[in-house]
Amino acid sequence: MGKVKKTGITEEIIGAYEKNMVHIPLKQMGHFFTRAHRITKKKKHADIVAGNFVLARPAKIRGEIEALKKNEFNLPLKKPKAKRNRLRRELYEKNPRLGVLNELILDLFYIKSLSLESYMRKEFREASDILRKEDLRSLYLQIGTLRHDSSYAINSVFMLKHLGIEKIDQEAVAILKDYYFDGDLNMERKIPAWEFGSLVYSLTHVIIADSEYYQRTAAGHGWILDYFAKNAELIMKEATVDMVSEVALCYKLCGKEKEYGKAVEKFKSFLLEFFDSAKLEDIGYLVKKEHTNSILMILFSENKGWHRGPDLSGHEFFTKQA
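Going left to right, the sequence shown walks through residues 13 to 334 as this note's numbering numbers them.
Structure representation (structure tokens):
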């Protein structure tokens, strides 16, 4: 297989989202430009993240705190069609606090990543107190949660560690590994397609979450990289483009692109077959595929390191209102 040659993908993707900002929903816009900043460190991207936070996050966080205090939860009326999403919903129906806890943990981590603990002092303290009173070990350290909540549960256990609230990430990974694999990284049991997809997402998010979401190099996940390399053909056959994008990115996040060169080349070549610059002119595509595009943006960037934050503690949006 020849070397991956296409360049400029990162710039094309960023340019498309900058051009169409007014058409992108707040959730996707915040997600995309936070990640853009982590490879560009451009002030204009930090400004977008700041504006997005002011508009989207405070009310959301307050709503999550109130829901957990009152123990009142509302799942979306529309039930998902995909098996993986249906099983996650069933898990939330049995334990409705789980879905809101996932969101609150994510929001607290986002506040910390942007250095906005002082700006959101009351909410940050109140939410942290709620989390410390939860039986998080019983909630997350069970295979039912790790199977059906997959990447969401993995995200939460790593963010809890990053927040200094509960250190259960390695126990969660061990439970997942022991359930699915033998000592040679062969599958312990035959699993359906939906579960294979969940497993791939869980494994990629072990690395993504450990990197604090593209803020630092992740270390110590060789067995996951080995599994991906050993099963590259299966992953490209059975997984979605979004999943393959995350798999390829894991090597970059671990600083192991050269060591696993053949596998990385396979994954990148596979992804290039699906990348079409013309689609970046379609606003509907930009919205629907924002997650995949943000991963491709990072994967094909030429950055040699990662930028934290952005640190918004001194940004005018927050100092004027502090």
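Positions of the beta carbon are idealized from the N, C-alpha and C atoms, including for glycine.
Three-way DSSP call (helix, strand, coil) for residue i in this model
{"i": "Met199", "result": "strand"}
{"i": "Phe208", "result": "helix"}
{"i": "Phe85", "result": "coil"}
{"i": "Ala334", "result": "Residue placement at Ala334 is flagged as unreliable, the pLDDT there being 47, under the threshold of 50; the coordinate-derived value follows with that caveat. If DSSP states are grouped into helix, strand and coil, Ala334 belongs with coil."}
{"i": "Phe312", "result": "coil"}
{"i": "Ile21", "result": "helix"}
{"i": "Phe193", "result": "strand"}
{"i": "Pro322", "result": "coil"}
{"i": "Lys90", "result": "coil"}
{"i": "Asn32", "result": "coil"}
{"i": "Arg98", "result": "helix"}
{"i": "Pro108", "result": "coil"}
{"i": "Pro37", "result": "coil"}
{"i": "Phe287", "result": "coil"}
Residue of the options minimising C-alpha distance to residue i
{"i": "Arg2", "options": "Ser150, Asp147, Tyr225 and Phe121", "result": "Since the displayed the chain opens at 13 and closes at 334, residue 2 lies outside it and no answer follows."}
{"i": "Glu183", "options": "Ile155, Asn243 and Gly63", "result": "Ile155"}
{"i": "Pro322", "options": "Lys264, Val66, Lys242 and Lys55", "result": "Lys55"}
{"i": "Leu237", "options": "Glu258, Thr252 and Arg228", "result": "Glu258"}
{"i": "Phe85", "options": "Lys91, Glu105 and Lys95", "result": "Glu105"}
{"i": "Tyr225", "options": "Thr331, Ile180, Leu126 and Glu76", "result": "Leu126"}
{"i": "His174", "options": "Thr304, Lys300 and Ile123", "result": "Ile123"}
{"i": "Asn97", "options": "Gly176, Lys81, Ser150 and Ala205", "result": "Ala205"}
{"i": "Glu302", "options": "Asn32, Thr19 and Gly20", "result": "Asn32"}
{"i": "Met171", "options": "Glu135, Glu207 and Asp222", "result": "Asp222"}
{"i": "Leu67", "options": "Glu250, Ile77, Leu38 and Glu76", "result": "Leu38"}
{"i": "Met41", "options": "Glu24, Thr19 and Asn64", "result": "Asn64"}
{"i": "Lys91", "options": "Asn83, Arg101 and Gln227", "result": "Arg101"}
{"i": "Glu178", "options": "Ile219, Arg149, Lys202 and Val185", "result": "Arg149"}
{"i": "Asn273", "options": "Phe240, Glu285 and Leu298", "result": "In the sequence on display, residue 273 carries Gly and not Asn. That would be Phe240, whose Cα lies nearest to the Cα of Gly273."}
{"i": "Ala230", "options": "Cys262, Gly176 and Val253", "result": "Cys262"}
{"i": "Val185", "options": "Gly176, Trp235, Glu285 and Glu200", "result": "Trp235"}
{"i": "Glu285", "options": "Tyr297, Lys300, Glu207 and Val253", "result": "Val253"}
C-beta contact flag for residue i and residue j at 8 Å
{"i": "His43", "j": "Ser306", "result": "yes"}
{"i": "Arg217", "j": "Ile166", "result": "Checking the displayed sequence, the identity of residue 217 turns out to be His instead of Arg. Yes; because the gap between Cβ atoms is below 8 Å, this pair is in contact."}
{"i": "Met248", "j": "Phe287", "result": "no"}
{"i": "Leu116", "j": "Ala139", "result": "yes"}
{"i": "Ile180", "j": "Leu211", "result": "no"}
{"i": "Phe312", "j": "Thr52", "result": "no"}
{"i": "Arg109", "j": "Leu80", "result": "yes"}
{"i": "Ala251", "j": "Phe279", "result": "no"}
{"i": "Leu118", "j": "Thr157", "result": "no"}
{"i": "Glu24", "j": "Ile77", "result": "no"}
{"i": "Ile219", "j": "Leu265", "result": "yes"}
{"i": "Arg320", "j": "Gln227", "result": "yes"}
Buried/exposed call for residue i, threshold 16 Cβ in 10 Å
{"i": "Gly209", "result": "buried"}
{"i": "Arg50", "result": "buried"}
{"i": "Val169", "result": "buried"}
{"i": "His160", "result": "buried"}
{"i": "Leu99", "result": "buried"}
{"i": "Ser163", "result": "buried"}
{"i": "Ala334", "result": "With a pLDDT of only 47 at Ala334, under 50, the local geometry of the prediction cannot be trusted, and the value read off the model is given with reservation. Exposed is the call here."}
{"i": "His35", "result": "exposed"}
{"i": "Ala260", "result": "buried"}
{"i": "Thr304", "result": "buried"}
{"i": "Gly111", "result": "buried"}
{"i": "Arg69", "result": "buried"}
{"i": "Leu246", "result": "exposed"}
The ligand NAD heavy atom lying under 7 Å from the CB of residue i
{"i": "Cys266", "result": "For the structure depicted, the ligand NAD is absent and the ligand set is empty, with no information on it obtainable."}
Determine contact between the region 185–198 and the region 116–133, defined as no fewer than three beta-carbon pairs at a distance below 8 Å.
no
The region 57–73 contacting the region 29–48, beta-carbon criterion three pairs below 8 Å:
yes
Should the region 194–205 be regarded as contacting the region 138–148, the criterion being three or more beta carbon pairs within less than 8 Å?
no
Count Cβ pairs between the region 263–273 and the region 284–303 that sit closer than 8 Å; are there 3 or more?
no
Counting pairs of beta carbons, one from the region 25–44 and one from the region 316–331, are three or more of them closer than 8 Å?
no
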